[in-house]
Amino acid sequence: MVKLGQIDLNLLVVLDALLREKNVTRAAESLHLSQPATSTALARLRRVFGDELLLRNGRSLELTPRAQSLIEPVREVLATIKQTIVQPPTFDPTTDSRHFSAISSDYVSTTLLHPLIARLIGLATGLQVDASPVGVRYLEALNRDEADLAILPDRIVDQALIPDCSRMPIIEDRFVGVVWRDHPHAGDRLTADLLRHSPWLAYVPHGRPSLVEQDLDAAGYPRRVAATSTSMVAMAFLLAGTDLVAVLPRRLARRVAGAAEIRLLEPEAPPAAA
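To convert, note that position 1 of the sequence shown is 0 in numbering that gives the first Met the number 0; the numbers rise steadily by one, no gaps.
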């Protein structure tokens, strides 16, 4: 029988990391602890629970049935402690010193997070915002409570298995055509002929077609892809001195137009909202 006095909060934190990572080294890295310290904690946990918790299977570790049964209870206990005891009951940005992790595209970081960070700096606050890209493991980060905020297109939110959390719309935008400001063939509109006869710069995050690429395909707009990019901000700066044509969210395109030497083209048939 496990005695409550044998378990301290630090042990529960280590246990949660071990149950999540199933690897002593990765658990140590996630907690910013040394591997020997984490191994020592695992030995203590094994004595407390009277169970091996993690068993070696070839070159990897597997959770025992007892460890499997502890995953949700340990996570819930730590979440309750964080929400009711560790976190302060009120939020004052002028005195708070917490770190907040935000998952967002470079477009959102440029148009939305940048003004927020500038405002926080103006308040001389101790808050820190850590911006992370929307990588292939962003859902895992959300499910593990490793991110405080995710700013995502509503269509991605609707399609993905997002964990149960509060949601609200915070920004609206639409796509526009973008070309080098001295593009030799572009007028003032993004037309089907321009798309058909110009080299195309495609936005392809994570090696998959983006939402706007899917919309253009569905609408039957043929394109000759000459280059791809995983960064919307980089795309704006790849256009200068070329015949490339691309589409970008209007807010971003307007923000970087001068520095990137680009001009905006209103779509002949506007793609879906960004």
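Glycine included, C-beta positions come from ideal geometry on N, C-alpha and C.
Per DSSP, what kind of secondary structure is residue i in: helix, strand or coil?
i: A226; result: strand
i: N56; result: strand
i: P64; result: helix
i: E145; result: coil
i: A130; result: strand
i: A252; result: helix
i: P306; result: The requested residue 306 is not part of the displayed model; the chain covers only 0 to 273.
i: L18; result: helix
i: P198; result: strand
i: S108; result: helix
i: H205; result: helix
i: I102; result: strand
i: I70; result: helix
i: A271; result: The pLDDT assigned to A271 is 49, lower than 50, so where the model puts this residue is not dependable; a value taken from the coordinates is nonetheless given after this. Looking at A271 - three-state DSSP - the assignment turns out to be coil, as it is neither helix nor strand.
i: L151; result: coil
i: G257; result: helix
i: G176; result: strand
i: A245; result: strand
i: L32; result: coil
Between the C-alpha atoms of residue i and residue j, what's the straight-line distance to the nearest angstrom?
i: G125; j: A101; result: 17 Å
i: D244; j: S165; result: Note on identity: in this sequence residue 244 is Val, with Asp being the wrong assignment. If I take the Cα positions, the gap works out to 38 Å.
i: S108; j: A130; result: 7 Å
i: A42; j: F48; result: 10 Å
i: D105; j: L251; result: 10 Å
i: D242; j: H182; result: 6 Å
i: T227; j: V175; result: 17 Å
i: P270; j: L200; result: Confidence at P270 is low in this model, with a pLDDT of 49, below 50, so the placement of that residue is unreliable and no value is reported for it.
i: P114; j: R25; result: 35 Å
i: L60; j: R97; result: 34 Å
i: A40; j: Q34; result: 10 Å
i: R65; j: L141; result: 25 Å
i: L11; j: H205; result: 35 Å
i: L18; j: S103; result: 27 Å
i: F99; j: R118; result: 15 Å
i: R254; j: D216; result: 27 Å
i: R143; j: Y202; result: 29 Å
i: R188; j: R154; result: 26 Å
i: L8; j: I169; result: 37 Å
If you count every other CB in all the chains shown that lies within 10 Å of the CB of residue i, and 16 or more means buried, which is it?
i: S197; result: buried
i: T37; result: buried
i: I261; result: buried
i: D15; result: buried
i: T93; result: exposed
i: L122; result: exposed
i: T83; result: exposed
* To do: Indicate whether the contact test is met: 3 or more Cβ pairs, each with one atom in the region 220-236 and one in the region 185-199, closer than 8 Å.
  => yes
* Decide if the region 210-217 is in contact with the region 231-238; the criterion is three or more beta carbon pairs, one per stretch, under 8 Å apart. => no
* At least three beta-carbon pairs within less than 8 Å, the region 44-61 to the region 72-83 -> no
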